[in-house]
Every structure is written in C-alpha cells, then in structure tokens.
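In this note's numbering, the protein residues as written are 34 to 333.
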C-alpha cells in the first residue's frame, strides 16, 4: 500500500496594518490655545492700561516708571486739557462727533439703500455696476486722498467742514455688506405682499425693509463710525484751520510740538484716553441690536 504525503503549504504573514497617526496630547493643544489668547489679550490690554495710568501722572512723573501710581493728577490734567489753547480740544471733540456720528449715520443709510436696491431690483448692468463697487473696496482710502483734494479744490470747498464730511459718506464695503444682509433678512414674499396691498417701493423700503435690515444698519454704522473717528489722512490733506480739526489731527498737532513744549505731553495722553470713550460707548450701546439681529437671522 502506497502512502501519499502532502507537503504542508507555507503560511504567508498577515499584512501589517497602517499605524494610526500619533495624536498630540490634549494638554499641548490647550497650552498653545491659551498662550495665543494670553498674548492677544496682552496686546490689547497693555497699551490701554499704560494710557490709563499715564493719564493720572503729571509731567514730572511721566519720565519715571509708566506703570507706577505715585500721585493722582487726572483731574488736574482734565482741567489743563479743557483750557489749553483757548479750549480748542473741546472744539476738536465736537468736530469728531459731527464727522463720525453724522457721517456714519448718513453713510450707513445710503449703504443700506444701495445694497437693498442691488439685491431686490433688476436693472441693466446691475452686476457690472456692483463689480465697480467691489473694486472700490480694494482701493485704500489713502490713495484717494489726493484725487479728493483736487476735486475739492475745483469745487472750492478745501479747508471747510464739507471737504471731510462728504467723502466719508461713501462706503463701498458697506454697500457689499448691505446686499448680503438684504438677501438674508428681507424675504421676497414680504415685499410681494406689501405690493399687493398697494404700498409703493419707497413706503415698502422705509416701513418694512429698513426695520428688517436694522442689524445690518447697526453693523455698517459701527464699522463706519470707527473708521471716521480714526480718520487722519483725509483731514490732514483737506484742512489747515485748527478750528476744523478732528481729534486725531488735533492730538497729532500737539504731539509734534512735545519736544519743544513738554507741557503738551500729558495733555496729549489724557486727550487720547478721552478719545477712546465714544467708540466704547457706541459698541456697548449698540451691541444688543447687533446680537438680536444675528439671533433672529439664525432662526427661521
């Protein structure tokens, strides 16, 4: 009898499974995030802290350590600030409020109206015209200062209130934002219902659409208010009369003479601190409208 022997088959090794990528420890990510937040907070808070402390110092104390509180001279600095150069600082403050509040209010309204028209109406060349508006977003405002000066010179309004006030009413970025808000906040069905009820386009915009666009109006107003309040180059080019200066240009004119007249140094610091107040008030007072609009736009 013959016995058949079978040769055992060679076993192949199982393929190696790919190793999962090694994850970084959770604590390392937290440290990186917290470090970035601390640096960002320090970058924001430290200059303001220095400004707060320095505004309480006299001229002699400012030469020492900036973060030490020796004597409190804040109210003395306020009195000197109000009486310096015949009280011109109060005039600069009023000018800035007129430029910023009036310019931001009218400019935001014009931006909302234009954005609403671009979104809800159809007319020939609409997208090409909107492309021109977007090109205006890309042009820096400093590049427009010289052409605006030449135009103002032709019109004879150089060194007047209108030379600074009228240009800040135009805000291409505000028109872009207003069109986005109009597309998201104003349903077409509401406009159709208003037209069926006999309301005209102006009545519909003023009574219905503008109320729905109020979060967008507040957003554009805050952006434009901050930009106009900090505007420096356009007034520098347009104005030579100190009575028409905004705060930014007025404080700069004081700072340029600090070397020759050191008594302007504490005045400049205290004036810079007071210049922050309207921006803070604007954001704190209008943020509830902003948040309410964002919440209502997220819930359908």
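All C-beta atoms in this analysis are idealised placements derived from N, C-alpha and C, irrespective of residue type, glycine included.
Following the continuous alpha helix (DSSP H) through residue 292, name the residue where it begins and the one where it ends.
-> Unbroken run through residue 292: none, as it is neither H nor E.
What are the start and end residues of each continuous alpha helix (DSSP H) run of 4 or more residues lying completely inside the region 188-223, in chain order?
-> The qualifying runs are 194-198, 205-218.
Could you have a look at residue 315 and say whether DSSP puts it in helix, strand or coil?
-> Residue 315: helix per DSSP, three-state reduction.
Around the C-beta of residue 116, are 16 or more other C-beta atoms found within 10 angstroms, so that it is buried, or is it exposed?
-> Residue 116 should be labelled exposed.
Quick one: using the 10 Å Cβ neighbour count with 16 as the cut-off for buried, is residue 283 buried or exposed?
-> Residue environment analysis places residue 283 among the buried positions, since at least 16 neighbouring C-beta atoms fall within 10 angstroms of its C-beta.
Residue span of the alpha helix (DSSP H) that contains residue 110, given as start and end | Its alpha helix (DSSP H) spans residues 107-116.
Considering only residues of the same chain and omitting the five flanking positions on each side of residue 105, which have a CB-CB separation below 6 Å?
-> Excluding positions up to five away in sequence, the list reads 89.
Would a C-beta distance cut-off of 8 Å place residue 254 and residue 148 closer than the cut-off?
-> Contact flag unset, no.
Would you mind listing the alpha helix (DSSP H) stretches within the region 105-177 that are 4+ residues and don't spill past its ends, in chain order?
-> Counting whole runs of 4 or more residues, the region 105-177 contains the alpha helix (DSSP H) stretches 107-116, 121-130, 136-153, 159-171.
Could you please give the first and the last residue of the uninterrupted alpha helix (DSSP H) stretch that includes residue 234?
-> Unbroken alpha helix (DSSP H) run through residue 234: 234-237.
Would DSSP call residue 264 helix, strand or coil?
-> In this structure, residue 264 counts as coil in the three-state DSSP scheme.
Pick from 306, 312, 96 that is closest to residue 107, judged by C-alpha positions | For residue 107, the closest C-alpha among the options 306, 312, 96 is that of 306.
Would you mind stating whether residue 275 and residue 121 have Cβ atoms separated by less than 8 Å?
-> Yes, the Cβ-Cβ distance between residue 275 and residue 121 is below 8 Å.
Could you round the C-beta distance between residue 151 and residue 212 to whole angstroms and report it? I think they count as a contact, below 8 Å.
-> The Cβ separation is near 5 Å, so the contact holds.
Can the beta-carbon of residue 125 be found closer than 8 Å to that of residue 280?
-> Residue 125 is a Cβ neighbour of residue 280, given a cutoff of 8 Å.
Quick one: what's got a C-beta closer than 6 Å to residue 133's C-beta in the same chain, skipping five residues either side?
-> Shown here for residue 133: same chain residues with a beta carbon closer than 6 Å to its own, the five before and five after excluded, namely 258, 261, 262 in chain order.
Once you ignore the five residues that flank residue 194 on each side, which residues in its own chain have a CB closer than 7 Å to its CB?
-> Closer than 7 Å at Cβ, skipping near neighbours: 277.
Going by CA-CA distance only, name the one from 272, 227, 309 that's closest to residue 189.
-> Looking at the Cα atoms, 272 is the closest of the given residues.
Check whether the Cβ atoms of residue 93 and residue 144 sit closer than 8 Å, and answer yes or no.
-> The answer is no: Cβ separation not under 8 Å.
Would you check if the distance between the CB atom of residue 304 and the CB atom of residue 81 is smaller than 8 Å?
-> Contact: no.
Local conformation of residue 276 per DSSP, three classes = Three-state result, residue 276: helix.
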